[in-house]
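A.B. asks: Adding 154 to a residue's 1-based position in the sequence shown gives its number in the working numbering.
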Amino acid sequence: MASLSRALRGIAATRPRQSPARGWGLRPLVSGPGPTSEKSVPYQRTLKEAEDASAAAQGPSQPLPGTASVVVIGGGSLGCQTLYHLAKLGVSGAVLLERERLTSGTTWHTAGLLWQLRPSDVEVELLAHTRQVVSRELEEETGLHTGWIQNGGLFIASSQQRLDEYKRLMSLGRVYGIESHVLSPGETKALYPLMNVEDLYGTLYVPHDGTMDPAGTCTSLARAATTRGAQIIENCPVTGIRVRTDDFGVRRVAAVETEHGSIRTPCVINCAGVWARAVGRMAGVNVPLVAMHHAYVVTERIEGIQNMPNVRDHDASVYLRLQGDALSVGGYETNPIFCEEVSDEFAFGLFDLDWDVFTQHIEGAINRVPVLEKTGIKSTVCGPESFTPDHKPLMGEAPELRGFFLGCGFNSAGMMLGGGCGQQLAYWIVHGRPEKDMHSYDIRRFHRSLTGHGRWIRERSHEAYAKNYSVVFPHDEPLAGRNMRTGPLHEELRARGCVFQERHGWERPGWFSAQGPAPVLPYDYCGAYGHRAREDYAYGRLLGQEYTFSFPPHHDVIKKECLACRGAAAVFDMSYFGKFFLVGPDARKAADWLFSADVSRPPGSTVYTCMLNHRGGTESDLTVSRLAPGPQASPLAPAFEGDGYYLAVGGAAAQHNWSHIRTVLQDRKFRCQLIDSSEDLGLISVQGPASRAVLQELLEADLSDDAFPFSTHKLVRAAGHLVRAVRLSFVGELGWELHAPRPSCLPVYQALMTAGAKHGLVNAGYRAIDSLSIEKGYRHWHADLRADDSPLEAGLAFTCKLKSSVPFLGREALEKQRAEGLRRRLVGFTVDEKVSMFGLEAIWRNGQVVGHVRRADFGFTINKTLAYGYIRDPSGGPVSLDFVKSGDYALERMGVTHAAQAHLKSPFDPDNKRVKGVY
Ligand SMILES: Cc1cc2nc3c(=O)[nH]c(=O)nc-3n(C[C@H](O)[C@H](O)[C@H](O)COP(=O)(O)OP(=O)(O)OC[C@H]3O[C@@H](n4cnc5c(N)ncnc54)[C@H](O)[C@@H]3O)c2cc1C
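(1) With a floor of 4 residues, list each alpha helix (DSSP H) that falls wholly inside the segment 303-348, ordered by position along the chain.
(2) Based on DSSP bridge pairs, tell me the residues matched to residue 912.
(3) DSSP state of residue 699, grouped into three classes?
(4) Any heavy atom of ligand 3 closer than 7 Å to the Cβ of residue 264?
(5) Near residue 117, which residues of its chain fall below 6 Å by C-beta distance, leaving aside the five closest residues on each side in sequence?
(6) Taking the alpha-carbon positions, what's the residue 1017 to residue 989 distance?
(7) Taking the CB atoms as reference points, tell me whether residue 241 and residue 379 lie closer together than 8 Å.
(8) Identify the residues that DSSP records as bridge partners of residue 477: which are they?
(9) So does the segment 248-262 actually touch the segment 358-375, counting three or more Cβ pairs closer than 8 Å?
(10) How many whole angstroms separate the CB atoms of residue 387 and residue 251, which I take to be in contact at a CB cut-off of 8 Å?
(11) Tell whether a beta-carbon distance below 8 Å holds between residue 474 and residue 461.
(12) Check whether the Cβ of residue 433 lies closer than 7 Å to any heavy atom of ligand 1, and answer yes or no.
(13) Is residue 598 helix, strand or coil when you go by DSSP?
(14) So residue 619 is in the alpha helix (DSSP H); what residue range does that whole segment cover?
(15) Near residue 202, what residues of its chain come up, given a Cβ to Cβ distance below 6 Å and the 5 sequence neighbours on each side ignored?
(16) What does residue 424 pair with, by DSSP beta-bridge criteria?
(17) Please state the DSSP three-state secondary structure of residue 414.
(18) Less than 8 Å between the CB atoms is what I'm expecting for residue 547 and residue 563, so what's the real figure, rounded?
(19) Any chance the CB of residue 258 is under 7 Å from a heavy atom of ligand 1?
(20) Which of the three DSSP states is assigned to residue 399 in this structure?
(21) May I ask which residues mark the beginning and end of the beta strand (DSSP E) holding residue 663?
(22) To the nearest angstrom, report how far apart residue 168 and residue 516 are at their CA atoms.
(23) How about residue 535: is its Cβ closer than 7 Å to a heavy atom in ligand 1?
(24) Considering only residues of the same chain and omitting the five flanking positions on each side of residue 1044, which have a CB-CB separation below 7 Å?
(25) Quick one, are the C-beta atoms of residue 694 and residue 737 less than 8 Å apart?
(26) So within the segment 704-781, which uninterrupted alpha helix (DSSP H) runs reach at least 4 residues, ignoring any that extend past its ends?
(27) Comparing alpha-carbon positions, which option in 729, 771 and 442 lies nearest residue 748?
(28) Per DSSP, residue 1025 forms a beta bridge with which residues?
(29) Could you tell me the distance, in whole angstroms, from the CA atom of residue 356 to the CA atom of residue 335?
(30) Which same chain residues end up closer than 6 Å to residue 815 when comparing Cβ atoms and leaving out the 5 residues on each side of it in sequence?
(31) Confirm the yes/no value for this check: CB of residue 448, any heavy atom of ligand 1, distance under 7 Å.
(32) Measuring only from the beta carbon, is residue 597 closer than 7 Å to any heavy atom that is part of ligand 1?
(33) Suppose contacts are defined by Cβ-Cβ distances below 8 Å. Is residue 900 in contact with residue 879 by that definition?
(34) Compare the C-alpha of residue 417 against each of 910, 922, 847 and 397 and name the closest.
(35) Flag this pair as touching only if the segment 857-873 and the segment 916-935 have three or more C-beta atom pairs under 8 Å; answer yes or no.
(36) For residue 601, which residues of its own chain have a beta-carbon under 6 Å away from its beta-carbon, when the five flanking residues on both sides are left out?
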């Protein structure tokens, strides 16, 4: 019997010791599928034990139906949860095909930990749903116990910042009624006597966290789903996906093929875990995940451990899961083992544990629970798990193929997220869109140029794995997979000290450092796999300095950029924006249907609008410029007859917008073209009271209010280059955007900087845009305006053509909402105390929690923190303007409340004078 300390000593004796943070020497980046041997596993029940071992050879467990409404591929946590939720939504004729037997892939390995608190409101809701399914719903429905154990969860803070993060989680938990307590080291010791608390700042205790059992959960899900009419067929590998092209030229799923026949179906859900990439390939769909070994060890009996909560020691990157009267110990290494492909034969298998890699966890585990040093190891559990470039799952309809959905890439959280995600997938399939804001999990969050890019997927997935337990700081950026898409000004801005942020693969300016260039360099894999760890890395150092929940050290730099914009002028490189043309015979019909605002105004007009889903939720906000037809194509407009529109959408959501529009065009059979010119055009925005004076020196056009009013656009020459000038503002100032062909951007920018010098023109980045725009009360999509928020709730009724009779997508839902009264409303708050806020703070009204902050930042002109969040009336009634105005408000940040004032209009320039040039 090996003990944890003996394992550690054994490694130390045979290898030169290195800092665990750097990994244990050279490792091959890729390992083969590895041995798949059977070992004793810690579960009392597995489905494998429950059935005849020779079943695999017997062929499908049931005859295949000829057709199915939906085919779910894979019978792990995700497949079973999705099938159950489809059946619950009343879908008949859904079939699950499992190559071997239920749970035989990754699911049976799981440690089954379920933590309820995460730094995301949507994730908290998803986890709550899983918990409800396994702790109550399934048992009520089937009479079977899923194996759920509510032993509680304990997060360990070994630093003040970590404790701050936990306090943020506690405040968010308050919004959702999740009980949690921040405990002192002494209180922690009383709760968990075997724990070393000497190096602790404190802990977060969540009494209703617990542990799921994979076999029990999937057995119950299968019983419940089949009772409701769904079909589960085991021992039936899917070998192909048949695709058809419809009359409109759209590729759609037609059938699923197996060795035992095919099933005609319009809808497939790829829940094939680490094999999801292979299943994607059958359909020509990229599935951006990598498989890695993921492991824990199970100890011998530990006296006094019974009934203890599960423990996550984030700073040591380890977890300790209660396993009866023993512990399972696992974690996240800096040098995980990649597996290129996992064998098709892998079922109920285990990889041999690589102690070189696993040793990183031992010191941390022993430090936390010292009795482990002398405790033996009963078994090891090492299985394949999928990891993705941002450590979030892959869900939703693939952009490449209609009817092909993803439900994979669960980053070692597929048990706890399974219920919530299965429910959302089912909703997605039945209603076309999920019920919640699933953008962070939606495959469309990645640009299509990245989802098949092997190096990007591998680098980003590695970094995301290694950082899984890191504190989630508001201004962090990835170091991996950078410089994938760069704008026309990238080199120039870098030389001027630009500190870049990564969004959607693009490098966009974050802010400008006076200390000179801080380029983003190739990824060093934290020094693992034979790479040299970077020691003196200016960009990494700047990021590291901002790892705080207080005002970051670069607060004053952002302030300068903001005040320069408000007082003189600032230039923002927004080239990462998505820039699309919508043209063709049905373009006007399509625009009327797609956009909530009336965009079919005369050519030369530009309209800020939303795009909605059928539930009235906001899929996007964007600007649409009506174009005049012309026979001559140029980079600034394609040749077209009839109607044409130029769309500018936030760059981080470009793929989302692209897919949404294409889907609507296909579903409604509109005959028009959507052309993506995002890479061909740059976007330079000049904003501020001096913008007119600066631009007037460059632009061969009259920029007076009469000649060039707000919300209009023109083709003009700038420093001799033809550009589309659009009078718009994302920051609440007089300003113009110059949309220019890529080769023209640099000369135009350089001429701008020369002309602007005497007017005080400065470079500014997205950190300044964030602050300036929240100060003005402008919404940010996917923060204070999401697919689960309607424009009426978000205070954007002015973007909806409800006074006209023109039908548009989402109109009926909005009308219903208006007639019934709004159940929640977006409200702005200011806080006089100088405290930093970033979102997730609880909103208190008259002593009751009524919502949480979605987005917060500091406004430098009003010199206050601003926060936006949706509030509800706890009595369940509509939220009237009087309700909003009549409350006394406070925002709870890390357990402390701060008085706040509610605003229905932006506190900065409430009459919108500045965008009209009135100063
Ligand atoms: C060591 C370890 C510890 C973990 N601990 C936790 C934890 O504490 N909490 C937590 O939430 N998560 C944990 N996880 C992660 C969790 O177990 C996984 O995220 C989850 O089980 C993934 O489920 P899945 O359904 O996506 O994949 P799988 O369980 O792998 O299911 C995919 C199924 O698809 C089948 N399949 C593949 N190809 C085909 C085909 N062509 N035709 C038909 N069927 C096919 C496979 O046989 C397999 O059964 C852990 C994982 C590991 C490895």
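In this text, a Cβ means the ideal position worked out from N, Cα and C, and glycines have one as well.
C.D. replies: Inspection of the coordinates gives the following:
(1) Fully contained in the segment 303-348 are the following alpha helix (DSSP H) runs of length 4 or more, in chain order: 314-329 and 339-345.
(2) Answer is none; residue 912 lacks a bridge partner.
(3) Here residue 699 carries a helix assignment [DSSP, helix/strand/coil].
(4) For the structure depicted, ligand 3 is absent and the ligand set comprises only ligand 1.
(5) No statement about residue 117 is possible, as the shown extent of the chain runs from 155 to 1073 and does not include it.
(6) C-alpha separation (whole angstroms): 11 Å.
(7) Going by C-beta atoms, residue 241 is nearer than 8 Å to residue 379.
(8) According to DSSP, which records beta bridges pairwise, residue 477 is partnered with 480.
(9) The segment 248-262 vs the segment 358-375: in contact.
(10) The pair is a contact, with the Cβ atoms about 5 Å apart (cut-off 8 Å).
(11) It is not a contact, given that the beta carbons lie outside the stated cut-off.
(12) Annotation for residue 433 indicates a beta carbon within 7 Å of some heavy atom of ligand 1.
(13) Of the three classes helix, strand and coil, the one that applies to residue 598 here is helix, per DSSP.
(14) Counting along the chain, residue 619 sits inside the alpha helix (DSSP H) bounded by residues 608-620.
(15) A caution first: residue 202 carries a pLDDT of 40, below 50, which makes its placement in the model too unreliable to give a value.
(16) 227 and 560, per the DSSP bridge assignment.
(17) Of the three classes helix, strand and coil, the one that applies to residue 414 here is coil, per DSSP.
(18) With a Cβ gap of about 5 Å, residue 547 and residue 563 count as contacting.
(19) Shortest gap from the CB of residue 258 to any heavy atom of ligand 1: under 7 Å.
(20) If DSSP states are grouped into helix, strand and coil, residue 399 belongs with the strands.
(21) Where residue 663 is concerned, the enclosing beta strand (DSSP E) stretches over 660-666.
(22) Caution applies to residue 168, whose pLDDT of 43 falls short of 50 and renders its modelled position unreliable; the value that the coordinates give is listed next. So the alpha carbons of these two residues sit roughly 16 Å apart.
(23) For residue 535, the shortest separation between its Cβ and any heavy atom of ligand 1 lies below 7 Å.
(24) The residues 998, 1051, 1052, 1053 and 1054, in chain order, have a CB closer than 7 Å to that of residue 1044 in the same chain once the five nearest residues on each side in sequence are set aside.
(25) No, Cβ-Cβ distance for residue 694 and residue 737 is not below 8 Å.
(26) Listed in chain order, they are 709-721 and 741-748.
(27) Looking at the Cα atoms, 771 is the closest of the given residues.
(28) Answer is 979 and 1005.
(29) Inter-residue distance for residue 356 and residue 335 is about 10 Å (C-alpha atoms, whole angstroms).
(30) Around residue 815: 828.
(31) Indeed, a heavy atom of ligand 1 lies less than 7 Å from the Cβ.
(32) Ligand 1 has no heavy atom closer than 7 Å to the beta-carbon of residue 597.
(33) Taking 8 Å as the Cβ cut-off, residue 900 and residue 879 do not qualify as a contacting pair.
(34) Checking every option, the nearest Cα to that of residue 417 belongs to 397.
(35) By the Cβ rule, the segment 857-873 does not count as touching the segment 916-935, because fewer than three pairs are nearer than 8 Å.
(36) Spatial neighbours of residue 601 in its own chain (CB-CB distance under 6 Å, excluding positions within 5 residues in sequence) are listed in chain order as 658, 659 and 809.
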